[in-house]
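Report on the structure given below.
Numbering (this note's numbering), first residue to last: 97 to 240.
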């Protein structure tokens with residue numbers, strides 16, 4: 097027989113994966129019901145429409161945002177802020193808004209870089225301004 101701690105870890109991992117599969121199957125069933133409902137509503141307004149001719153919209157790859165999504169979150173966050181925020185604070189908000197794991201340090205570093213690039217582009221356009229912060233991160237705010 098194998099090592100008990102190895103077997104225990106593998107059993108836990110299997111249970112986790114099985115749970116994810118069940119969750120995704122439930123989600124898929126709900127999406128099919130939602131699609132059927134939208135199709136029925138479309139047919140109420142236009143019974144002659146060919147639903148097969150409607151192309152599916154591609155979902156962006158993991159951690160990639162839809163066009164303009166990060167900019168919208170960044171600018172909304174800065175508009176609602178009562179004080180200047182660091183790029184790390186803004187990246188945390190972007191991750192939370194997009195449903196990403198804010199505890200994942202590696203992903204956070206990536207999102208800080210992406211948020212920083214977004215902020216720099218907006219700074220060039222005169223939408224935001226930055227100042228040196230107390231840490232390694234700049235402080236950002238909306239130009240008023």
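For every residue, glycine included, the Cβ atom is placed at its ideal position computed from N, Cα and C.
It should be emphasised that the depicted structure is a prediction, and the values quoted were computed from it without experimental measurement.
In terms of Cα proximity to residue 208, the closest of 108, 143 and 188 is 188. The bridge partners DSSP lists for residue 172 come to none. Contact annotation, residue 169 with residue 190: C-beta distance approximately 5 Å; criterion of less than 8 Å satisfied.
Residues of the same chain with their beta carbon placed closer than 8 Å to that of residue 230 are lacking, with the five preceding and five following residues left out of the count. Under the 10 Å beta carbon count, residue 211 is surrounded by 16 or more other beta carbons and is classified as buried. In this structure, the alpha-carbon of residue 199 lies about 22 Å from that of residue 167. Within a 10 Å sphere around the beta-carbon of residue 224 sit 16 or more other beta-carbons, which makes this residue buried. The shortest CA-to-CA distance from residue 171 to any of 112, 109, 219 and 104 is the one to 219. Judged by DSSP in its simplified three-state form, residue 198 adopts coil rather than helix or strand. Residue state for residue 99 is assigned as coil, using DSSP reduced to three classes. Rounded to whole angstroms, residue 143 and residue 103 show a C-alpha spacing of 57 Å. Secondary structure note for residue 237: its beta strand (DSSP E) is the uninterrupted segment 234–238. As the crow flies, the alpha-carbon of residue 181 is around 21 Å from that of residue 161. Remark: C-beta atoms of residue 234 and residue 183 approach each other more closely than 8 Å. For the options 112, 195, 99 and 226, the alpha carbon positioned closest to that of residue 174 is the one of 226.
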